[in-house]
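At position 216 of the sequence shown (counting the first as 1) the number is 496 in the numbering used here, and the numbers step up by one without a gap. Where a beta carbon is used, it is the ideal one built from N, C-alpha and C, also for glycine. Note that the structure is a prediction, hence the values are computed from the model and not measured.
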Amino acid sequence: MIPSINIKDFTYDLPEERIAKYPLTERDSSNLLHFKDGVISKKCFRNLADYIPEGSLMVFNDTKVVPARLFFQKKTGAVIEVFCLEPSDPSDYNVNFASTSSCSWKCIVGNARKWKGAETLDIYNPEGNPELASIALKADIVERDGRTSVVRFGWNSGESFSSVMEKCGRIPIPPYLNRETEPIDYERYQTFYAHIRGSVAAPTAGLHFTDRVFADLNAKGVELRNVCLHVGAGTFLPVKDDDVRSHTMHREPFVVTRELLATLRDSVASGRNITAVGTTSVRTLESLYYVGVKLLEGGKPTDVGQWEPYEREYSFTTEESLDAIIDYLDRNSLGQISVGTQIIIVPGFRFRIVKSLITNFHQPQSTLLLLISAFLGSERWRDIYKFALDNGFRFLSYGDSSLLFP
Numbered sequence: 281m282i283p284s285i286n287i288k289d290f291t292y293d294l295p296e297e298r299i300a301k302y303p304l305t306e307r308d309s310s311n312l313l314h315f316k317d318g319v320i321s322k323k324c325f326r327n328l329a330d331y332i333p334e335g336s337l338m339v340f341n342d343t344k345v346v347p348a349r350l351f352f353q354k355k356t357g358a359v360i361e362v363f364c365l366e367p368s369d370p371s372d373y374n375v376n377f378a379s380t381s382s383c384s385w386k387c388i389v390g391n392a393r394k395w396k397g398a399e400t401l402d403i404y405n406p407e408g409n410p411e412l413a414s415i416a417l418k419a420d421i422v423e424r425d426g427r428t429s430v431v432r433f434g435w436n437s438g439e440s441f442s443s444v445m446e447k448c449g450r451i452p453i454p455p456y457l458n459r460e461t462e463p464i465d466y467e468r469y470q471t472f473y474a475h476i477r478g479s480v481a482a483p484t485a486g487l488h489f490t491d492r493v494f495a496d497l498n499a500k501g502v503e504l505r506n507v508c509l510h511v512g513a514g515t516f517l518p519v520k521d522d523d524v525r526s527h528t529m530h531r532e533p534f535v536v537t538r539e540l541l542a543t544l545r546d547s548v549a550s551g552r553n554i555t556a557v558g559t560t561s562v563r564t565l566e567s568l569y570y571v572g573v574k575l576l577e578g579g580k581p582t583d584v585g586q587w588e589p590y591e592r593e594y595s596f597t598t599e600e601s602l603d604a605i606i607d608y609l610d611r612n613s614l615g616q617i618s619v620g621t622q623i624i625i626v627p628g629f630r631f632r633i634v635k636s637l638i639t640n641f642h643q644p645q646s647t648l649l650l651l652i653s654a655f656l657g658s659e660r661w662r663d664i665y666k667f668a669l670d671n672g673f674r675f676l677s678y679g680d681s682s683l684l685f686p
């Protein structure tokens, strides 16, 4: 049954000065709120390994943020921002990034009404940068659909679009930082293990990790594994309707390897602690169950719908569901499952894989706060956020972290 939830029940007072506008000098020097067995305490993230059960499986999202903000100029001089969301043609990320003359993306266009459909725009280059001039990036609107548009890019330099984006674009930092992208963001709004290009927002729980923390986790026998979910701009969209049932959750594509599926299956069966690093890892892991159900019921591995977990009761075990995906991959000689998820995790959700969670502190009335509430149960999130506010924790993307056991 789809739950009826009033988003106003998930708010708290977040003073502007508690929002971290910049990262700390050292990633792992951030505070860590530890919650286990009802006890809340303040730790240092550098010592994370001390609080993770020995032999745990820890799952990271190794997506990489791309410089998705591009600026173009009309002949009148007006500047138009084009925020790339996801590839349209070619729709495959890797193929699109490898394009050498043109490609299309689904985008959010700033000042969209000033851009008439037939007008081709040139890359904004106020300082006459010769590198930008040689690329000669141009943009045309192919179609409009509500708040998004499909924009076709063309360029002359013969280099890949990933290279064009790196030279012409800016890293899209969160809007609530209320500042422009600065040089520090190109390094620090990126996890140190980021690998696969595609996100327009960072999986921020991972920003605290360092080689030193990884070494300590390895020494304790914690297995470190990756999934990839490309984070979309929808992660910042507020829930505008009082009733959460009216909110449309964004779709995000994810990839999980067969090897990890087998590890997850064995871990679930043995009761092993599985720690998800970030809400994007949670969405990926918990979506797997519903992908497997589709296969068990004779269907294909398709996207997971927003309310699928709540629409009916499911009788299959988690092990059966994961086995179904593994069997599908083996029958089709595939090394990974690649689908999308629109899943929304709210109170009443049944967690089937994730046993503990590392995450930052999220905005009031956000879908991420709903996820935290669902994971912890009842009103425990309020006590945790009050503790964080009372004890000097920094909030949101560049803020401090928490390790939560329900």
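On the criterion of 16 or more Cβ atoms from any shown chain inside 10 Å, does residue i qualify as buried, or is it exposed?
i: residue 688; result: What is shown of the chain runs 281 to 686, which leaves residue 688 out entirely.
i: residue 574; result: buried
i: residue 324; result: exposed
i: residue 495; result: exposed
i: residue 555; result: buried
i: residue 375; result: exposed
i: residue 319; result: exposed
i: residue 410; result: exposed
i: residue 398; result: exposed
i: residue 419; result: buried
i: residue 545; result: buried
i: residue 481; result: buried
i: residue 646; result: buried
i: residue 427; result: exposed
i: residue 579; result: exposed
i: residue 678; result: buried
i: residue 253; result: Nothing about residue 253 can be read from this structure; the chain reaches only from 281 to 686.
i: residue 305; result: exposed
i: residue 563; result: buried
i: residue 372; result: exposed
i: residue 329; result: buried
i: residue 338; result: buried
i: residue 680; result: buried
i: residue 612; result: exposed
i: residue 581; result: buried
i: residue 458; result: exposed
i: residue 506; result: buried
i: residue 283; result: exposed
Between which two residues does the beta strand (DSSP E) carrying residue i extend?
i: residue 445; result: Careful: residue 445 lies outside any beta strand (DSSP E), inside the alpha helix (DSSP H) at 441 to 448.
i: residue 648; result: Segment 647 to 656 is the alpha helix (DSSP H) holding residue 648; no beta strand (DSSP E) there.
i: residue 428; result: 428 to 434
i: residue 681; result: 681 to 684
i: residue 425; result: 418 to 425
i: residue 401; result: 401 to 403
i: residue 477; result: 476 to 479
Would you kindly report the start and end of the unbroken alpha helix (DSSP H) that includes residue i?
i: residue 412; result: 410 to 415
i: residue 468; result: 463 to 468
i: residue 298; result: Here residue 298 belongs to no alpha helix (DSSP H), and DSSP marks it neither H nor E.
i: residue 502; result: Segment: none, residue 502 is in no alpha helix (DSSP H) and carries neither H nor E.
Verify the CB distance criterion: does residue i have a CB-CB separation below 7 Å to chain B?
i: residue 540; result: Going by chain labels, chain B is absent from the structure shown, which holds only one protein chain.
According to the Cβ coordinates, are residue i and residue j closer than 7 Å?
i: residue 435; j: residue 416; result: yes
i: residue 617; j: residue 536; result: yes
i: residue 501; j: residue 335; result: yes
i: residue 655; j: residue 637; result: yes
i: residue 625; j: residue 529; result: no
i: residue 389; j: residue 362; result: yes
i: residue 589; j: residue 629; result: yes
i: residue 534; j: residue 509; result: yes
i: residue 584; j: residue 559; result: no
i: residue 675; j: residue 298; result: yes
i: residue 350; j: residue 449; result: yes
i: residue 557; j: residue 486; result: yes
i: residue 525; j: residue 615; result: no
i: residue 340; j: residue 649; result: no
i: residue 286; j: residue 522; result: yes
i: residue 400; j: residue 640; result: no
i: residue 452; j: residue 549; result: no
i: residue 541; j: residue 602; result: yes
i: residue 634; j: residue 565; result: yes
i: residue 671; j: residue 396; result: no
Contact between the stretch 427 to 445 and the stretch 382 to 398 (3+ Cβ pairs under 8 Å): yes
Any beta strand (DSSP E) of 3 or more consecutive residues that is wholly inside the stretch 316 to 390: 319 to 324, 337 to 341, 343 to 345, 349 to 353, 359 to 369, 382 to 389
Stretch pair the stretch 333 to 347 + the stretch 455 to 472: three plus CB contacts closer than 8 Å: yes
Unbroken stretches of the beta strand (DSSP E), 3 residues or longer, contained in the stretch 516 to 570: 532 to 537, 554 to 557
Inter-stretch contact (C-beta, 8 Å, three-pair minimum) for the stretch 647 to 665 and the stretch 295 to 309: no
Complete alpha helix (DSSP H) runs within the stretch 610 to 679 (minimum length 4 residues, chain order): Within the stretch 610 to 679, the complete alpha helix (DSSP H) runs of at least 4 residues fall at 647 to 656, 660 to 670.
Three-pair Cβ contact test at 8 Å for the stretch 560 to 578 versus the stretch 595 to 603: Flag = yes, the stretch 560 to 578 and the stretch 595 to 603 touch.
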